[in-house]
Structures are given as structure tokens and as C-alpha cells.
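Position one of the sequence shown corresponds to residue 597 (my numbering), numbered consecutively onward. Here is the structure we will look at, set down as C-alpha cells.
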Amino acid sequence: MSTSPAPGWRSYANGRMLAVLVLGFSSGLPLFILLYLLQAWLAKSGLNVKALGLFALVQFPYIWKFLWAPLMDRYRILGLGRRRGWMALTQVALFFSIGGMGMLDPLTQIGLIAAAAGGVAFLSASQDIVIDAYRREILSDNEQGLGAAVIVNAYKVAGMVPGALSLILADRMPWQPVFWITAAFMLPGLVCTLLIKEPTVYGSPPKTMREAIILPFQEFIARDGWRNAMWILAFVLLYKIGDSMATALATKFYLDLGFSMTQIGLAANTTGFWASLAGGVVGGVWMLKLGINRGLWVFGALQAIAILGFAWLAQVGPNTVLLSAVIGFEAFASLGLGAAAFVAFLSRSTDPRYTATQYALFSSLSAVPRTLINASVGFLVAELGWFSFFIVCFFLAFPAMMMLPKIAPWRSANGTNIP
597 MSTSPAPGWR
607 SYANGRMLAV
617 LVLGFSSGLP
627 LFILLYLLQA
637 WLAKSGLNVK
647 ALGLFALVQF
657 PYIWKFLWAP
667 LMDRYRILGL
677 GRRRGWMALT
687 QVALFFSIGG
697 MGMLDPLTQI
707 GLIAAAAGGV
717 AFLSASQDIV
727 IDAYRREILS
737 DNEQGLGAAV
747 IVNAYKVAGM
757 VPGALSLILA
767 DRMPWQPVFW
777 ITAAFMLPGL
787 VCTLLIKEPT
797 VYGSPPKTMR
807 EAIILPFQEF
817 IARDGWRNAM
827 WILAFVLLYK
837 IGDSMATALA
847 TKFYLDLGFS
857 MTQIGLAANT
867 TGFWASLAGG
877 VVGGVWMLKL
887 GINRGLWVFG
897 ALQAIAILGF
907 AWLAQVGPNT
917 VLLSAVIGFE
927 AFASLGLGAA
937 AFVAFLSRST
947 DPRYTATQYA
957 LFSSLSAVPR
967 TLINASVGFL
977 VAELGWFSFF
987 IVCFFLAFPA
997 MMMLPKIAPW
1007 RSANGTNIP
């Protein structure tokens, strides 16, 4: 892959960054539908907190997507190429799956809703595989930090649809049209997919399924050895575990405190959106000066501190000003700064010949807390209460931070190897 001069602000204004922005929105939308809209829908139907926590298991495909990622490294479909073909297929399928899920009855068809949510998660994970690969392949190594900031912003913008707009609409109309309106936000990504060009092929991509499965893992292990590979995988697994658990049942937490869905939606829209936008931009600019390694240190510490805001809110109760402040700081620190550094780190750790499979492996590990561990969140909350639960989440942010001297030493701003 070519290495261009260090990018500046103009890197946000080119066609490649615009494509990353639109596709990042399309990538984030289905996940936030599962995290926010589905949760609010089921909570308002009367599902208890333990059952809501178990619904995190429908996100299982995010953990295992590396298993079918080699198909996307190997095959071209629909006559659109290796990346665009898979993007178009998953985007069309997601539009109909999301809209159709909202036509089910949560009082009598909870099993079908779980199956439909699992289907949305599978399609969403598949779309993530190919969009992540596309982003890695069209950006130079020096642009990965800025590209990460762009896609993090796009992800959060997508979260504002089911996390704010859809909740406000749900106070004013039946759930069925709310789901179809939300699903329609997949269409800009489909249009972008049809307009963009395939990325330039780097090196020699897999020629057989055997190569597509074996070579990505072989290259990753051979790069720095088994020991270094295991350190990287453990870090990817743990870096966002505390924040992920703290926000797993955020909508339920806000409702339990006594906030209305409109209050939650407006707080998320007025503070969360702008705070995350600022966090992503600041994260991208800071990484130009700090480097990816130091960004992981600074931004990781801030995203841990953001968890304490939820504990504070649990003590104070339904204060709308504090709600906006907590949502805003968490969005700035975690979904903005922390996520930008983390995505840049994952992108830098892949080989462009096997982008889909290697990035899918890393992002699959990062999804483990959100899927498996978060399934226990409802039980933890029921036993500990909200305040004590958030304190536990705060301390869970530290194991990954303690690994940074090995994974991303401060003295090496952009180094990748363990000393």
C-alpha cells in the first residue's frame, strides 16, 4: 500500500473520506437499532431487565463474523466487485429485515423478534466486514487515523437515528412505521455503494478458499510471533469492555430513572451528536500530533472516566441537565476519542491483502463484551443496583490500560511491535 504525506484538514474533504463517511453511517445504523430502538420497543412492551439483558445474545454474529469473512476476501458477486457487491447485497437485505422486524408483536411473537434481530445482526456484521475492508484499502497508512475519526463520527450520527429520532417518533406514532422510517436510512449507503469504485487490489489476494482461510491467520502469527499476536488479541478484547457494559442497557437505565423517551431522545440529539462529532474530529487531529499509540493512552483514560458520569446520574436521579452532560461526555470520550484511536489501531494492525478476514477477527473480539458479557448486565444490575454496577464497569476499564506499555508503548507514537 502506498504511503502519502501526513494528511491535514483537507483529507476530510476528498471523495474517499466522503465515501467512508456515508458507508460508516450505513455500518453503524443496524447496530444502534439493536442497542437502542429494539431495547426501547421491548422495554415499553413490558419485558423485564433480565430478559432485556439476554437480548444482547442476538448480536452473536458480531463475534463470529471472521468465520465467513474469507468468503468476502475470495469472491466477487453481483458483477459489482469484491467489495461493492457484498455491500449492496447486505444493504438491501438490511432495509427489508429492519422494517419487517417492526411488524411483529412483542407481546405474542417474542421468539420471532429474537430470530429477526439475530438476522439483522448477521447482515449487519457481514456489512461491517466489507465496509471495514473497503476503508482500509482506499486509505493510505498515514490516513488511517483520520479515516478512523471519520467513521467514528459517521457511526455516532447513525446512532442518533434509532437513539433519538426514532424514539421521538415512537411517542407520536405506532411502532411499525417507526421501524420502516428507520430502515429507510439504509438507502443512502446503498446509493453510495453503487456510485463508488472498487479499491485498487493490493498484492496478491486469495485465489482459493483455502488461501482465503489460512493465509490471513498465517500472516498475522508470522508477523511478530505467537506471543505478540496473543497480546494484541487480548488487548482488542478488553479495551472497551467497561464502556460497552456501562452503555449496554443505557436506555433502560434512563427509563428507570423516570425520563421519558422524548427527553432521552432530545438529550441524545442535542448533546450526544455534537459531542461525538467533536470527539471524532479532535481525536483525528490529536492523533496527527500524538500518534495512534499515545492516543490509546489518553483517550482510553478519558473513556474510563466517562463511566463515572453514569454512576453520578444514578445517585442524582432524573435531572435533565445532568442527563445531557453524561450523554455528551460519554459520546465525546468513548464514541469520539476512544473509538477513533481504537479503530485506527485495528486498521493499522491488518495486512491489506487480507483486510476483510483480519479486521473481522479483530472487530469480532472487540464485540465479545457487547454480546456475551453484556448478556449478564441485566443480572448484575438486578443484584447490584445501577450505581454499584457502574462502579464495577469503571474498574473493568483498567486491565486493557495496564497492557498499553506492551501493546502501544508511549515512547513509540505509532509503533506496532511489542518491545
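Where is the CB? At the ideal position from N, CA and C, for every residue including glycine. As the structure is a computational prediction, the values presented were derived from the model and not from experiment.
Asked, Found
"Local conformation of P702 per DSSP, three classes", "coil"
"Sub-8 Å separation of E733 and Y798 beta-carbons", "yes"
"Residue nearest to A844 in terms of C-alpha spacing, selected from I809, S972, I1003", "S972"
"Pick from T847, M683, L790 that is closest to G974, judged by C-alpha positions", "T847"
"Spatially closest choice to I923 from I629, R679, F831, L904, by CA coordinates", "L904"
"Sequence-distant residues of the same chain with beta carbon closer than 6 Å to L931, five excluded per side", "K752, S872"
"Member of F831, L631, Y850 whose CA lies at the smallest distance from the CA of N915", "Y850"
"E926 burial status per 10 Å Cβ neighbour count (16 or more: buried)", "buried"
"Integer-rounded CB distance, given that S959 should sit under 8 Å from L942", "7 Å"
"Buried versus exposed, by CB contacts within 10 Å (16 or more), F991", "exposed"
"Three CB pairs or more closer than 8 Å across the region 746–764 and the region 625–632", "yes"
"Opening and closing residue of the alpha helix (DSSP H) in which D839 lies", "837–843"
"C-beta contact flag for D669 and A808 at 8 Å", "yes"
"Beta carbon of M699 nearer than 8 Å to that of Q772", "yes"
"Integer-rounded CB distance, given that I1003 should sit under 8 Å from I828", "7 Å"
"CA-to-CA distance, V746 to I969, given in whole angstroms", "28 Å"
"Proximity of F566 and I694 at Cβ, strictly below 8 Å", "No information on residue 566 is available, as it lies outside the stretch 597 to 1015 that the chain covers here."
"G677, enclosing alpha helix (DSSP H) - first and last residue", "That residue, G677, is in no alpha helix (DSSP H); it is neither H nor E in DSSP."
"Contact under 8 Å by Cβ, T789 with Q705", "no"
"CB of F816 within 8 Å of CB of A717, strictly", "no"
"Rounded C-alpha distance that separates K883 from G876", "It should be pointed out that residue 883 corresponds to Met in this sequence rather than to Lys. C-alpha separation (whole angstroms): 11 Å."
"Same chain, Cβ closer than 6 Å to L976, neighbours up to 5 away in sequence not counted", "F985"
"Between the CA atoms of I659 and S800 - distance to the nearest angstrom", "27 Å"
"S800 - DSSP class collapsed to helix/strand/coil", "coil"
"G896 versus A830, I837, N749, K803, residue with shortest Cα-Cα distance", "I837"
"Beta-carbon proximity check, A744 vs L617, cutoff 8 Å", "no"
"Three-state class that DSSP yields for Y608 in the structure shown", "Unreliable placement is indicated for Y608, whose pLDDT of 49 sits below 50; no coordinate value is reported for it."
"Candidates G879, A900, Y835, P948, of which the one nearest L1000 by Cα", "Y835"
"Residue interval of the alpha helix (DSSP H) (run including D820)", "805–820"
"A978 vs K646 beta-carbon contact at 8 Å", "yes"
"Check whether A907 and I987 have beta carbons under 8 Å apart", "yes"
"Reduced DSSP secondary structure (H/G/I, E/B, other) of T789", "helix"
"Alpha carbon of F781 to alpha carbon of V757, nearest angstrom", "8 Å"
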